[in-house]
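Counting the sequence shown from 1 gives a position; the working numbering is that position plus 2.
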Amino acid sequence: MNDSRISITLNGREFILIGTAHVSRESIEEVDQSIREERPELVCVELDAGRHKSIAEQANWEQLDVSKVFKEGKGFLLIANLVLSSFQRRMGEELGIKPGEEMKMALDTAAELGIPYALCDREIQLTLRRAWATCGLWSKCKLLASMLSSAFTTEKFDKADIENLKKRNELDGMMDELAAYLPEVKATLIDERDRYLAAKLWTSGLGVHKQLAVIGAGHLMGIKAHLERIARGEENADTADLDTIPPPKLWSKALTWILPALLVALFIVGFFHAGADVSLAMLIRWVLWNGSLAALGALLAMGHPLSILVSFVGAPFGTISPFVSVGLFSGIAEATLRKPRVSDTQNLSSDLTSLKGIYRNRITRALLVFFLSSLGGAIGNLISVQALASLLVK
3 MNDSRISITL NGREFILIGT AHVSRESIEE VDQSIREERP ELVCVELDAG
53 RHKSIAEQAN WEQLDVSKVF KEGKGFLLIA NLVLSSFQRR MGEELGIKPG
103 EEMKMALDTA AELGIPYALC DREIQLTLRR AWATCGLWSK CKLLASMLSS
153 AFTTEKFDKA DIENLKKRNE LDGMMDELAA YLPEVKATLI DERDRYLAAK
203 LWTSGLGVHK QLAVIGAGHL MGIKAHLERI ARGEENADTA DLDTIPPPKL
253 WSKALTWILP ALLVALFIVG FFHAGADVSL AMLIRWVLWN GSLAALGALL
303 AMGHPLSILV SFVGAPFGTI SPFVSVGLFS GIAEATLRKP RVSDTQNLSS
353 DLTSLKGIYR NRITRALLVF FLSSLGGAIG NLISVQALAS LLVK
């Protein structure tokens, strides 16, 4: 039995599911051969409009506006995007294959044979934002650590390793590990998308008797199960609930206000309990801890001197306002003072694989300034709260 291919007939409609590894030469050949042999009425691919444009036009990052990314509050989202794409590209370079080539092959072969195609995946930014929104604080830390470690891993991949990704026993083990380590992420990146992809396959092929879908091997069994449930009427093909960002949980909303409220409360107590002098000393101590560690983060990122200064000055404002982050000020300053060059956009993915490349590339350095100044400011706040409380008990 071919582990990477499933053919099922549901309600008089035939679905041929081709499971691929995204940097596999065998997957590229299998996709081309399957479309030519089966001659489906519709070819569906695991792509959204943005990734389709990127693959079709061989787009790079030339249009990236880093300052705009920070202003829209998408700094962490861009970091996640870059790490994931860099990891996949590195695997592909070791095997001489560009990520997503099997999807491009599906589109090219369909076009050659005059077969219409459909894009059936959810927009990647939405998927990542949903994954981030569903994670608790601890899971977010684990997710960031996992992504960053993947960017700097020295593990080598060979052809056999990639082909094993399409075997169900290997996939089951990987899915179990992911579910145990990051259950929220597995639910969003795998389980939700199984349902989403199945629903789009069903609706995009209404009126079609035979369709072929090119999907990642990790989604093969999940999509099959959802298609069968839709066919039996046990599940509908509506994906409206999967196309929105879940609202922040009550505790998450409260958390953004707790620290500012706690600091204000400490200053008020200090003023009435110990006098204006102590209250002023508390304010100065907080600004020094908060601003200095944010500036230290920007310094460790080798930010521009003015970016470091902006980190120090902006940190207190980023703490008091739940709507503004420390990294917003420092990131925009760095991207403005050291505007990305054409070479930075062209080498973005490759530069992300080494510390030397990250510091050399102005885009990744701006992201590093954003990340480390935010981290430094957060640590400064935790330390300063304890320091301020100690002044009150003297």
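Heads up, the beta-carbon is just placed ideally off N, CA and C, and yes, glycines get one too. Since we're looking at a predicted model, the values are computed, not measured.
According to DSSP, residues forming a beta bridge with V33: DSSP lists no partner for V33.
Distance check for L229 and P262, CA to CA, integer angstroms please. Distance between the alpha carbons of P262 and L229 is about 49 angstroms.
Please name the residue, chosen from I117, L109, D193, that lies closest to R132 on a Cα-to-Cα basis. The closest CA to that of R132, considering only I117, L109, D193, is found on D193.
Assess, as a yes-or-no matter, whether the region 203 to 221 is touched by the region 15 to 31 under the definition of 3 or more beta carbon pairs within less than 8 angstroms. A contact exists between the region 15 to 31 and the region 203 to 221.
State whether the region 286 to 295 contacts the region 367 to 374, with contact taken as three or more CB pairs (one from each stretch) at a distance under 8 angstroms. The region 286 to 295, when compared against the region 367 to 374, does not touch it at the 8 angstroms Cβ threshold.
For E16, write down the residues that DSSP places opposite it in a beta bridge. Note: E16 sits in a beta bridge opposite T11, K212.
Measure the Cβ-Cβ separation of R195 and T129 and say whether it is below 8 angstroms. Yes, they are a contact pair.
For I8, tell me which candidate among E28, G116, S36, E31 has the shortest Cα-Cα distance. Among E28, G116, S36, E31, the Cα nearest to that of I8 belongs to S36.
Which same chain residues, not among the five before or five after L264, have their C-beta less than 8 angstroms away from its C-beta? Only V387 meet the Cβ criterion.
Going by other Cβ atoms of all chains shown within 10 Å of its Cβ, with 16 needed for buried, is D245 buried or exposed? Counting Cβ neighbours within 10 Å, D245 comes out exposed, since fewer than 16 surround it.
Touching by the beta-carbon criterion (3+ pairs, under 8 angstroms), the region 222 to 237 and the region 32 to 48: Between the region 222 to 237 and the region 32 to 48 there are fewer than three inter-stretch CB-CB distances shorter than 8 angstroms, so the stretches are not counted as touching.
Could you round the C-beta distance between E48 and M107 to whole angstroms and report it? I think they count as a contact, below 8 angstroms. Not quite, the Cβ-Cβ distance comes to about 13 angstroms (not below 8 angstroms), so this is no contact.
Using the Cβ count rule (16 or more neighbours within 10 Å means buried), how would you classify M3? Low confidence applies to M3: its pLDDT is 43, below 50, so where it sits in the model is not reliable, and the reading given next is rough at best. M3 sits exposed, since fewer than 16 C-beta atoms from the chains shown fall within 10 Å of its C-beta.
By DSSP, does T246 sit in helix, in strand, or in coil? Reduced to three states, the DSSP call for T246 is coil.
With three or more beta-carbon pairs closer than 8 angstroms as the criterion, would you say the region 108 to 123 touches the region 200 to 208? Three or more Cβ pairs drawn from the region 108 to 123 and the region 200 to 208 lie within less than 8 angstroms of each other, which places the two stretches in contact.
Assuming L191 is part of the alpha helix (DSSP H), what are its boundary residues? For L191, there is no enclosing alpha helix (DSSP H), since its DSSP letter is neither H nor E.
Complete alpha helix (DSSP H) runs within the region 307 to 346 (minimum length 4 residues, chain order): The qualifying runs are 307 to 322, 328 to 339.
Short check: CB of H306 to CB of L285, under 8 angstroms? It is not a contact, given that the beta carbons lie outside the stated cut-off.
Element boundaries [alpha helix (DSSP H), containing L121]: Here L121 belongs to no alpha helix (DSSP H); instead the beta strand (DSSP E) covers 119 to 121.
Bridge partners for L44 per DSSP, in chain order? In DSSP, L44 forms a bridge with Q213.
Look at the Cβ atom of S294, then the Cβ atom of E336, and state whether they are nearer than 8 angstroms. No, the Cβ-Cβ distance between S294 and E336 is not below 8 angstroms.
Element boundaries [alpha helix (DSSP H), containing G359]: Taken as a continuous stretch (DSSP letters only), the alpha helix (DSSP H) holding G359 covers 357 to 362.
Shortest alpha-carbon distance to Y188 belongs to which of G224, G316, R343? Residue 188 is actually Lys in this sequence, not Tyr. Among G224, G316, R343, the Cα nearest to that of K188 belongs to G224.
For I360 and R367, I'd like the C-alpha separation in whole angstroms. Those two C-alpha atoms are separated by around 6 angstroms.
Please state whether the Cβ-Cβ distance between K226 and I30 is less than 8 angstroms. Contact: no.
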